[in-house]
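So the structure is just underneath, and the comments pick up after that.
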Amino acid sequence: MQTRFLEYIFGLLLTLKYVLFSVFIYAQEPEQERQPNKETDARALEISREIFSRQTAIRNIQNDIGIFDQSLIEAYRDMARFYTELEDYENATQFYIEALQIARINTGLYSYEQISILDSLIASNISADKWQEADNFHELSYLINSRLYADANLKYLQAAETYGAWKLRLVRENLLEQSGFSLLNTAEELSQFYERAIERLEFSSEVKAEHLLKIIYGKSQVDLTLARSVAATPYTAFEGTERPYINQTRCQNVRNSQGQVVRQCYSVQVENPRYRISQRDAKQFALQRHTRDISSSIAKLEEIKNTSSELSNAEKQQIELQISELVTESEQLVRSTRRLL
């Protein structure tokens, strides 16, 4: 009885929130502009009724069937969609999370039913500029997809494209406000993710070469980002393969206590001139590694363009443009780095 009463009070509070919000907006208007607005009042009343109706439906399912019943998934999602329409993304997210938890209880940790809920959670958090939360749900979505589609079919390809595109956006816009080092680590991990996904998909009987164009181009963009970063970083920031300092023995003639001239030697630590050379080599090697990866992606794009019978002329021209841009920028990076070394 106490639980039902608390749920009833919670529903009333949700309703009251939007009534008070309408009053607050009205209070902010200049005195001369305050006029009775029947449309606004009607809309506020409609919103309060909709919220109360949905909350009542959820409460009835919980009381009559159970708090973990599968029918609550759609009830929670319906409430979340309504809050999304109101651009109340915080409450929308909370109800989507409730739907996700019920789905996991009823259908297991890795189930198809969770994918669409996670898509909604991602969209809701992005709308609210909650980038870390959106990233967390992207990670969970990809994990579930990779378990569901272990055979690397077109569904897995779509999940890999979505995950990769999101991570590339994180890197380009630095949405998580990472330090330079952390951001490079994220980019490195993304490049490796793309490489593994491409290798996995290339052996799939369901996936055609043309299907891989987006994911191959995505990898080239990450590698280009990494190459730019290497090119812009001073060689002194790279760790060389030689020891930074070496010991040298220095000697000098000094007089001892008896007044005799004797040779006295001692060891000093000095900078190793070969260390800076090895730092330059390390930067050059890092740049070559990323430009080599870009060249590999270019070769894959070229092969698909030249051998495909399914691509239209417009699509082939688009690939040619992408290849041209990749070649031009990677060559410019190599030339600029050589001038600086």
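So that you can map any letter, position 19 of the sequence shown is 16 in the numbering used here, and since no number is skipped, the others follow by simple counting. Glycine residues also receive a C-beta, built at the ideal position from the N, C-alpha and C atoms.
- With the rule of 3 Cβ pairs closer than 8 Å, the segment 220 to 229 does not count as touching the segment 307 to 321.
- Around the beta carbon of F92, 16 or more other beta carbons lie within 10 angstroms, which makes this residue buried.
- I301 counts as buried, since at least 16 other C-beta atoms from the protein chains shown sit within 10 angstroms of its C-beta.
- Contact check for Y73 against E95 passes: the beta carbons are separated by less than 8 Å.
- Per DSSP, the continuous beta strand (DSSP E) segment holding T246 begins and ends at Y242 to R252.
- In its chain, beyond the 5 residues on either side, Y86 have a beta carbon closer than 6 Å to the beta carbon of S124.
- Taking 8 Å as the cut-off, the Cβ atoms of L298 and V331 do not count as close.
- Around the CB of Y232, 16 or more other CB atoms lie within 10 Å, so the residue is classed as buried.
- A residue is called buried when at least 16 other Cβ atoms come within 10 angstroms of its Cβ; F134 meets this threshold and is buried.
- About 16 Å separates the CB atoms of N269 and R247; that is not less than 8 Å, and the two are not in contact.
- DSSP places V265 in the uninterrupted beta strand (DSSP E) bounded by V258 to E268.
- Where I102 is concerned, the enclosing alpha helix (DSSP H) starts and stops at Y86 to T104.
- Distances from the CA of I114 to each of T104, A100 and H287 were compared; the closest alpha carbon is that of A100.
- Per the C-alpha coordinates, the member of F190, V204, G237 and E236 positioned closest to S217 is F190.
- In this structure, S202 sits away from D290, with a CB-CB distance that is not shorter than 8 Å.
- Residue burial annotation: I55 is buried, with at least 16 other C-beta atoms found within 10 angstroms of its C-beta.
- Per DSSP, the unbroken alpha helix (DSSP H) holding D220 starts and ends at L210 to A229.
- For A184, the enclosing alpha helix (DSSP H) stretches over residues G177 to E199.
- When DSSP states are grouped into helix, strand and coil, K205 belongs to the coil group.
- Linking C262 to N171 through their CA atoms gives a straight-line distance of about 55 Å.
- Just so you know, the alpha carbons of L209 and I195 end up roughly 7 Å apart.
- Remark: C-beta atoms of S117 and A228 do not approach each other more closely than 8 Å.
- Contact check for I112 against S143 fails: the beta carbons are separated by 8 Å or more.
- Per DSSP, reduced to three states, the secondary structure at Y146 is coil, with no helix or strand assignment.
- Just so you know, the alpha carbons of S321 and A162 end up roughly 21 Å apart.
- Bounds of the alpha helix (DSSP H) holding Q111 are E110 to S124.
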